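Engineer:
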């Protein structure tokens, strides 16, 4: 065996949806890639309005293994549920009861290949390509083609405005240079791949967990990624332009997160990491995103426009959107060179798939409610999101107008959100 190509990833999703028709659904996303390719996700779950988790992978073209991990995760989960068996990933075992609860009480949505154009290019040319294949601003220069989809989201996208001068040109930050691997694009959310992720979060409005799967650092990262966390000063947050020249360094700024949210996010990351480490004893760690490649509590890897921060920020930017705890899973560990690090030899990747899938399934188990109240099922059945989502948005924005009229938008928009 070896890595799946893009057509095989799509074929696998189609096959799983057609075979497990009672509790899976193939979803064609609305925005085609720059090269005209359709993108597909797979929903697993008995009830379409259940609380949901979204797992996305292969945002960066050269990080092939995330797509494979998602496909095998979906196939294993569906087979285990159908056969009434548990799942064994190395030394980590999940019981049949746990598997059944996940499928019957949750929706698990997998988007294995966010960046199919880039994946195809990298597999064909062995180029260690990172970005998508948008040529709009390349001016015919091959190395200027593409946008880093994971720096294109609207969360603090304009790093020149939102971050301290010392942070703006760090290697982790989005870039306005089309030669940079981190090129952020011409505008926030400009890329179809970015908008497809947003569409899935909107389509499954009861999504409460999001995982963006990458390689190759061996950790699970939780929000925030723009600066270190703090729970004491609500007004110090990404919506407050008064702090635009302070983010992204080890200074006085800290991104606001409630102590309850921090406990939940950090606890979930640590729980998933424990499951991953149990597979074969590798040492994955749970870290705040901004501390990647550094010391906990230090600003060593500030990011702008990243999908995990975008997902977690949605409910703060727009009160009509639900809260989504967001993570970046970095599977694997640095190899002898970049090529073996970004796409390890397949025998090693097979073991990494088990680690990734153990972590994803542990998050599913952690997210599974012990009991779903009948009124909740009835309410969502009587008032599906297609009907009541617009009404909630209208009411929420009406409240926003009232707060503005009363002159308390600063309190509502900056301190609470």
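Numbering (our numbering), first residue to last: 25 to 441.
Glycine included, each C-beta is placed from N, C-alpha and C at the ideal position.
Computed from a predicted model, the values in this text were never measured in an experiment.
1. Say whether the segment 147-165 touches the segment 105-116, bearing in mind that this needs 3 or more beta-carbon pairs closer than 8 angstroms, one atom from each stretch.
2. Kindly indicate which residue of 46, 342, 175 has the alpha-carbon position closest to the one of residue 72.
3. For residue 62, tell me which candidate among 31, 86, 85, 69 has the shortest Cα-Cα distance.
4. Measure the CB-CB distance between residue 351 and residue 180 and report whether it falls below 8 angstroms.
5. With C-beta atoms as the reference, is residue 346 less than 8 angstroms away from residue 219?
6. Under the three-state reduction of DSSP, which class applies to residue 410: helix, strand or coil?
7. Do residue 348 and residue 224 have their CB atoms nearer than 8 angstroms?
8. Fully enclosed by the segment 324-353, which alpha helix (DSSP H) runs are 4 residues long or longer?
9. Looking only at its own chain, which residues have a Cβ that is under 8 angstroms from the Cβ of residue 374, when we skip the five neighbours before and after it?
10. According to DSSP, what are the bridge partners of residue 238?
11. DSSP beta-bridge partners for residue 64?
12. Can the beta-carbon of residue 383 be found less than 8 angstroms from the beta-carbon of residue 292?
13. Suppose the cutoff is 8 angstroms on Cβ atoms and the five residues either side in sequence are ignored; what does the same chain contact list for residue 389 look like?
14. Which residue marks the beginning of the alpha helix (DSSP H) containing residue 227, and which one marks its end?
15. Would DSSP call residue 127 helix, strand or coil?
16. Compare the beta carbon distance of residue 113 and residue 328 with 8 angstroms and say whether it is the shorter of the two.
17. Could you check what DSSP says for residue 279 in three-state terms: helix, strand or coil?
18. Do residue 334 and residue 84 have their C-beta atoms closer together than 8 angstroms?
19. In its own chain, which residues sit with a C-beta less than 7 angstroms from the C-beta of residue 410, not counting the 5 before and 5 after it?
20. Can you have a look at residue 294 and say buried or exposed, based on whether 16 or more other CB atoms are within 10 angstroms of its CB?
21. Who does residue 271 pair with in a DSSP beta bridge?
22. From residue 386 to residue 162, what does the alpha carbon distance come to, in whole angstroms?
23. By a C-beta neighbour count over all protein chains shown, 10 Å radius and 16 as the cutoff for buried, is residue 378 buried or exposed?
24. Taking the alpha-carbon of residue 365 as reference, which of 60, 90, 193 has the nearest alpha-carbon?
25. Keeping to the same chain, check which residues put their C-beta closer than 7 angstroms to that of residue 437; ignore five residues upstream and five downstream.
26. State the start and end residues of the unbroken beta strand (DSSP E) segment that holds residue 40.
Structural biologist: Per the coordinate set shown:
1. no
2. The sequence position of residue 72 within the chain shown is 48, counting from 1. Among 46, 342, 175, the Cα nearest to that of residue 72 is on 46.
3. Residue 62 sits at position 38 when you count from the first residue of the chain shown. With distances taken between Cα atoms, residue 62 lies closest to 31.
4. Counting from 1 along the chain shown, the entry for residue 351 is found at position 327. Counting from 1 along the chain shown, the entry for residue 180 is found at position 156. Not in contact: residue 351 and residue 180 (Cβ atoms no closer than 8 angstroms).
5. In the chain shown, residue 346 corresponds to position 322, counting from 1. In the chain shown, residue 219 corresponds to position 195, counting from 1. Their beta carbons are not under 8 angstroms apart, which means residue 346 does not touch residue 219 by this criterion.
6. Taking the first residue of the chain shown as position 1, residue 410 is located at position 386. Only weak support exists for where residue 410 lies, its pLDDT of 47 falling under 50; the coordinates are left without a value.
7. Locating residue 348 in the chain shown gives position 324, where the first residue counts as 1. Locating residue 224 in the chain shown gives position 200, where the first residue counts as 1. No; because the gap between Cβ atoms is not below 8 angstroms, this pair is not in contact.
8. 331-341
9. As a working mapping, residue 374 is identified with position 350 in the chain shown. For residue 374, where only same-chain residues beyond five positions count, the Cβ hits under 8 angstroms are 25.
10. Here the question's residue 238 lines up with position 214 in the chain shown. In the DSSP output, where bridge partners are listed per residue, residue 238 has 354.
11. Position 40 of the chain shown, counted from the start, is the residue given in the question as residue 64. Residue 64 pairs with 52.
12. Position 359 of the chain shown, counting from 1, holds the residue named residue 383. Position 268 of the chain shown, counting from 1, holds the residue named residue 292. Result no, Cβ atoms of residue 383 and residue 292 do not sit closer than 8 angstroms.
13. Taking the chain shown and counting its residues from 1, the one referred to as residue 389 is at position 365. So the list reads 118, 122, 125, 126, once near-sequence residues are dropped.
14. Residue numbering aside, residue 227 sits at position 203 when the chain shown is read from its first letter. Element bounds for residue 227: 216-227.
15. For the purposes of this step, residue 127 is taken as residue 103 along the chain shown, with counting starting at 1. Of the three classes helix, strand and coil, the one that applies to residue 127 here is helix, per DSSP.
16. Here residue 113 refers to the residue found at position 89 of the chain shown. Here residue 328 refers to the residue found at position 304 of the chain shown. No.
17. For the purposes of this step, residue 279 is identified with residue 255 of the chain shown, where counting begins at 1. In the structure shown, residue 279 sits in a strand (DSSP, three-state: E or B).
18. Here residue 334 refers to the residue found at position 310 of the chain shown. Here residue 84 refers to the residue found at position 60 of the chain shown. The answer is no: Cβ separation not under 8 angstroms.
19. Against the chain shown, residue 410 aligns to sequence position 386. The pLDDT assigned to residue 410 is 47, lower than 50, so where the model puts this residue is not dependable; a value taken from the coordinates is nonetheless given after this. So the list is empty, once near-sequence residues are dropped.
20. Here residue 294 is taken as the residue at index 270 of the chain shown, counted from 1. Burial call: exposed.
21. Your numbering for residue 271 matches position 247 in the chain shown. Note: residue 271 sits in a beta bridge opposite 187.
22. Position 362 of the chain shown, counting from 1, holds the residue named residue 386. Position 138 of the chain shown, counting from 1, holds the residue named residue 162. Their Cα atoms are separated by approximately 42 angstroms.
23. If you number the chain shown from 1, residue 378 lands on position 354. Buried, because 16 or more other Cβ atoms sit within 10 Å of the Cβ of residue 378.
24. Here residue 365 corresponds to residue number 341 of the chain shown, with the count starting at 1. Ranking 60, 90, 193 by Cα distance to residue 365 puts 90 first.
25. Here residue 437 corresponds to residue number 413 of the chain shown, with the count starting at 1. Note that residue 437 has pLDDT 39, beneath the 50 cutoff, so the model's placement of it is unreliable and no number is given.
26. As a working note, residue 40 is residue 16 in the chain shown. Per DSSP, residue 40 belongs to no beta strand (DSSP E); it is in the alpha helix (DSSP H), 30-43.
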